[in-house]
Each structure stands twice: as C-alpha cells, then as structure tokens.
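From first to last, the protein sequence lines are chains A and B.
Okay, so the first sequence: first residue is 3 according to our numbering, each after it adds one.
Okay, so the second sequence: first residue is 1070 according to our numbering, each after it adds one.
Shown next, in structure tokens, is the structure this report addresses.
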Amino acid sequence: MKQSRAVNILFVAPCVFAFIMVIIIPFFFGIYFSMTDWNGVSNSVHFVGFKNFKNLFSSPDFLYSFLITVAYSLINIVFVNVVSFILALLVTGKSRLRNFYRAGFFVPYLIGGIVLGYIWQFILNSILVAIGKSLSFEILQTSFLSRPNTVIWTMAAVNTWQYAGYIMLIYVASIQSIPSSLMEAADVDGANYFTRVFRILIPMMANAFTISLFLTLTTSFKQFDMNLTLTNGGPATRFLDSPVKASQLLAMNIFNTATANRMAEAQAKAVVLFVVLVIISLFQVSVNKKKEVEM
Amino acid sequence: MDENKPKAKAFSPKRMGRLLLEIVTILLFLLFMFPFGMVVLNSAKTSREIIFNAIALPSDWGQLFTNISLIFNNPTVDYLGAFLDSALISFFSLIVICLFSSMCAWVLVRNNTTWSKVLFMAFVSAMVIPFQVLMYPLVRWMWVVGEALHVRLLGTIPGIVFAYLGFGSPLSIFVFHGFIKNIPYELEEAATIDGCSRGRTFFEIVFPLLQPIIVTVLILNGIWIWNDYLLPLLVLGSNGIVQTIPIAVTAFAGAYLKQWDLILTSTLIAMLPVIILYLFLQRYIIKGMLEGSIK
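See the structure below:
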C-alpha cells in the first residue's frame, strides 16, 4: 500500500507541478495585478482596488472592442454553423468523392491563424482588387479590409473559411449516428429533401448544435492571431467621439494595452474576458444538464 | 446496374438533384482551395509581377525556387533555424504532455478519493481561463523563478516545453481520463497478483492499451503547438535566439512590408509540412480532432 501511494504521488507530480506553476500561480497573480498600478517596468506595485475596472467602463476604446467582439461572435456563430452544416450535408450525400471533399474542407483548419491572416490579407487587398479592376466591378475595387463597416464581416468570413471544416466534422459524426432507416422511411412516405432535413435531421442533431455553438462562441471571443495579421485592428474609425480601431477585438485590445506598458489595465481587461467566458461556460453546463433531464 | 434501367431515368428529378448537389460541392470545394492556389501562384512571381497582375499565371515557375532560396538564405530572419526550433519544441512538448498526462489521468481514474476528484475538477475548470489572463503574470513569474534558481526559463526550449506541459495537460488529462475509465480494472488486478509493481503495471499493461487515444492527444496538441503564436512570442521573444515558425513569418512580414513574393513564399513553406503530414495521416487527424471536440 505504501509503495502504491508513492507511485501515485510520483505519477501525478509532473502535471500538477507544471499546472500550478504555469496556470494557478499566474492566474492569482493576474487577478491581483488587475487591481494594482503595475506597469511592467517599475518594481513598485501599488494596490488600487477596482479603479482599473471602473475606468474600463468609461473608456470608449474598451467599450468599442467589447461591443465589436460581441458582434463578431454573433456573426461568426451564424456564418460558421450555417456553412459547416451545409458542408456536412454535402459530404454525407451520395457523391463518390465525398471523402475527398471532406478532407479538403478540413485543410484550412490546419493552417495557423498567423499564416492564414497574411494569406487572406493578400487575397482581399490584392487578388479581389485585381479581379474587381479587370471586370470593372465597383465594390471590389477598394479592399473590404479598409472599410470600417465591412471589416468585421470580412473577418467572420475568413474565420468561417478556417473553422467550417472542423465544425463540419462534428455535424458529419452526428448525421452518421442517425439511423439511415429514418431518412429512408420519410423518403418512401414522400417527404422531399428539405422536409427531411428540417423535420428529421435537424431535431435529431440538437446535441451537435449545442457543442458547435458554444465552441464557436468561445473561440470567437478569444480570437487573436488572425486579427493581428489580417487587419492589425485597422482601419481607423470613431466611437463616442474618440478615435478607435475598427477591427480591434478584445484579445487584441488587451495585447495592445500591454504593449503600451499599461499592464494593470490590460490585466483588468483580461479579467473581464475571463468573467465573460465563465458565464458562457456556466450557461453551457446548465443547457447540457437540462438536456440530460429531458433524455 | 444503371445500364439496365430505361434511358429516360437519366433525367429524373432525383438524378438532376444529385447532379446539382455535386456541382455545388465542387464549386464550394474550389472556393475553399482558391486561397492555396493563389499562394502557390504568387510564390512563383517577382514582387513586380504581383503588383502588375496578381491573378495572372507566373511567367517563369523557376522563380518559386529562387524565392524559396531567398527565404532560407535571408540575413534578417533565420527561417531554417526557426523551422528546427519549432520541430524540437513540438516534439519534446508532445512527449512530455503525452507521458505525464496519461500517468496523471491513470492515477486520477484508479483512485476514488476526494483528492483525485478535486484535482480532476481543477484541471477541467482551468480550461475556461483564457490565455490573456495568464500571459503577462506568467512571463513575470518565469523570470522571478529563473532568477531565484539561476536557470534560464525565458528564451529557452526547456522553458517553453515546461509551459506547454502546463497549458496542454488539462485537456490531455481530460481526454485520457475518459478513455482509461473504460479499460477493465481486472487486467491490472491480474498483473498485481502476478507480482507486477504499480508503476510497471502502468507502463507494461495500461500504456500500450492507450495507443488510439495517444494518437488523438498528439494530434490535438500538435496542431495547437505548431501554429501557436502568443506563448512563444512572450516566452521566447520576437527576436530571441530560439524562434518558431509563426514568429519567423511575422518577422518576415514586418521586415519586408508588402513584398508579397517573399511573404507568400514564407507562408507556403510554413504550411507545407503540416499539409504533407495531413495527406499521410488524414484518417487519424480527422478522428482525433473529432474526439477532442466532442469530449
């Protein structure tokens, strides 16, 4: 028994040690720093209470980033899930090339946000503009990234390109777990394709939808890499009478605040992001619990 | 089979519908592949050619190799070094994450005590914490610990591998935990009766059984670590001795502003290994990603 206890401790130790050093300690430091005047350079750190948080909610720059992140997340949820559901329907159909298509749609997910941001910056700023000029399409001739009112939509579209293939896999697995006899029976009864999809498939896929919706919601809220290399926050626009960056999402706002050596303020913004994510996941847990009761 | 049916059947609404779906799928597939095509096309051009016409075919495909050699022999960004560092960091991180997480998860599953439950809950709930809350305190903390122990944690491969163990273990432990729960305990009991120690039981009986889920853990963490940007940026620095591919790509784009020939070639080189690996391991990667998302 004694030997087994030693083994237990020895086996758990590496992960627990790394976990405490990398996540737990920095987490509590992070909460503490959000209530100080830490600037990352000076060694003297003073406790200031909730002052940083109070300032946040009167700063147009933060409010704008917060609102635009909510908007981006909502657009993203719709784009990603609609596209990936359609892709899932297409690759579970009767096509002989369905496995080939499925593999292809997943490829963008493998490319990191940094790399794909540059690729799409090129596509949007050079390729589309070139196409617009050669076909003399007025709308394409100025880049979608340089217009404050289209940039968020464009980012959601690029994110959809990256993410749809991944969410598609969740929907494909869900579709394949539905007994095919159900769809066939409806077919025999004369229900057309769309009736079958909306009346049988979608209700039976409720579980896959909740997983995917929450997955896209949390990843949208944490979006950073693609934001950095695709737009770097630009173009400039105005909000509540002060200049702001039109596509600076929350994570990038935190990053830029810290780069400007306003560490405590950045930390307070990060804590707000954390609270939002906690609320989302508590909501998710309660939705899942409710479902279990229904089943 | 089809030949025996009357010819008129070829134009039945059902077949037309299927043909239409096939065409839609092909169009979507081409749309998804379009950015990759544009990267390859423009990686084989000179900067002037791209500005002149970004959608034309390159005049000389040999330019692709000229651009690749320009990247690898670049004086400002050590691309080959970044490539090796990225490979080493991914390799060692994956080994420690896989080994230590499976050990930890096994102990947590096989001990039904309050402690094991608390630890497991701590790992699972930590997954909600966004990296933004931890990143600056983490760098500070790693610096403090490094100073106190006279070891270099920041800017070194062991330092970042340790950080990846901390960030990677919660999800990995969670995935292993779910799998080990379903391994019958009788196997281990038999080994113990035969005089096998606890530690040996794990490595000789349990670990080999984990093979399918190890593939999942490797893929989930591998895609994340290879493409990760913020953690390496903070721990290694943007111009430290140790670099990763995403940092090198941003350094390149920063140094050669709007020189798309070089930037695109550098993204092409960054994507290529992942895509080649995907072509060979496609089935495992798709299965692994799916298991990671649903759990």
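Glycine is no exception: its CB is placed at the ideal position from the N, C-alpha and C atoms.
None of the values given here were measured: they were computed from a predicted structure.
Between residue i and the rest of its own chain, which residues show a CB-CB distance below 7 angstroms, the 5 nearest in sequence each way excluded?
| i | result |
| --- | --- |
| A/I202 | L184, M185, A188 |
| A/T239 | P150, V246, A248 |
| B/A1063 | Because chain B spans 1070 through 1364 in this model, residue 1063 of chain B falls outside it and cannot be assessed. |
| B/I1140 | Y1148, L1331, T1334, S1335, I1338 |
| B/Q1132 | A1113, K1114, T1115 |
| A/A90 | M170, Y173, V174, I177 |
| B/F1349 | none |
| B/L1188 | L1177 |
State the CB to CB distance for the pair residue i and residue j, rounded to an integer number of angstroms; the pair is presumed to be in contact (CB under 8 angstroms).
| i | j | result |
| --- | --- | --- |
| A/V131 | A/L232 | No, A/V131 and A/L232 are not in contact; Cβ-Cβ is about 15 angstroms, not under 8 angstroms. |
| B/L1299 | B/F1200 | 6 angstroms |
| B/L1234 | B/I1158 | In fact, because the Cβ distance is near 12 angstroms, the residues do not count as touching under 8 angstroms. |
| A/I172 | A/I213 | 6 angstroms |
| A/M157 | A/Y74 | 6 angstroms |
| B/G1309 | B/G1224 | 5 angstroms |
| A/L65 | B/L1090 | The pair is not a contact, with the Cβ atoms about 45 angstroms apart (cut-off 8 angstroms). |
| A/G134 | A/L147 | Not a contact, Cβ separation roughly 14 angstroms. |
| B/L1305 | B/Q1312 | 7 angstroms |
Provide the residue span of the alpha helix (DSSP H) that contains residue i, from first to last.
| i | result |
| --- | --- |
| A/F226 | Unbroken run through A/F226: none, as it is neither H nor E. |
| A/A105 | 100 to 112 |
| A/F241 | A/F241 -> not in any alpha helix (DSSP H); beta strand (DSSP E) instead, spanning 238 to 241. |
| A/F30 | 27 to 35 |
| B/C1167 | 1148 to 1179 |
| A/S176 | 153 to 178 |
| B/L1299 | 1299 to 1305 |
| B/W1293 | 1280 to 1296 |
Which residues does DSSP list as the beta-bridge partners of residue i?
| i | result |
| --- | --- |
| B/P1253 | For B/P1253, which the question treats as bridged, DSSP gives no partner whatsoever. |
| A/R201 | According to DSSP, which records beta bridges pairwise, A/R201 is partnered with nothing at all. |
| A/T261 | Answer is none; A/T261 lacks a bridge partner. |
| B/F1321 | None, per the DSSP bridge assignment. |
| A/F49 | A/T38 |
Where does the unbroken beta strand (DSSP E) through residue i begin, and where does it stop?
| i | result |
| --- | --- |
| A/V246 | 244 to 247 |
I'd like to check one pair, residue j with residue i: are the Cβ atoms closer than 8 angstroms?
| i | j | result |
| --- | --- | --- |
| B/P1301 | B/I1316 | yes |
| B/G1228 | B/M1211 | yes |
| B/I1066 | A/F276 | It is not possible to answer for residue 1066 of chain B, since the shown part of chain B is limited to 1070 through 1364. |
| B/S1162 | B/I1294 | yes |
| B/P1206 | A/I125 | no |
| B/F1245 | B/A1174 | yes |
| A/Y111 | A/G167 | yes |
| B/A1151 | A/Y120 | no |
| B/Y1347 | A/V109 | yes |
| A/V85 | A/T162 | yes |
| A/T197 | A/V82 | no |
| A/Q286 | A/F211 | no |
| B/V1146 | B/A1324 | yes |
| A/T220 | A/L279 | yes |
| A/I113 | B/M1358 | no |
| A/N263 | A/N57 | no |
Compute the minimum distance between the beta carbon of residue i and the heavy atoms of the ligand MN, and state whether it is under 7 angstroms.
| i | result |
| --- | --- |
| A/I202 | Of the ligands one can find in the structure shown there are none, so the ligand MN has no counterpart to examine. |
Residues in the same chain with beta-carbon distance under 6 angstroms from residue i, minus the five sequence neighbours each way, listed in chain order, please.
| i | result |
| --- | --- |
| A/S67 | Q250, L252, N255 |
| B/Q1328 | S1116 |
| B/T1270 | E1257, A1260 |
| B/P1066 | Nothing about residue 1066 of chain B can be reported from this structure: the residues present for chain B run from 1070 to 1364 only. |
| B/I1242 | S1170, C1173, A1174, F1192 |
Which residues in the same chain as residue i place their Cβ atom closer than 8 angstroms to its Cβ, once the five residues preceding and following it in sequence are excluded?
| i | result |
| --- | --- |
| B/V1093 | none |
| A/S309 | What is shown of chain A runs 3 to 297, which leaves residue 309 of chain A out entirely. |
| A/T94 | R100, V174, I177, Q178 |
| B/R1352 | none |
What residues from chain E crowd round residue i, counting only those whose CB sits closer than 9 angstroms?
| i | result |
| --- | --- |
| B/I1344 | The chain labelled as chain E is not found among the protein chains of the depicted structure, namely A and B. |
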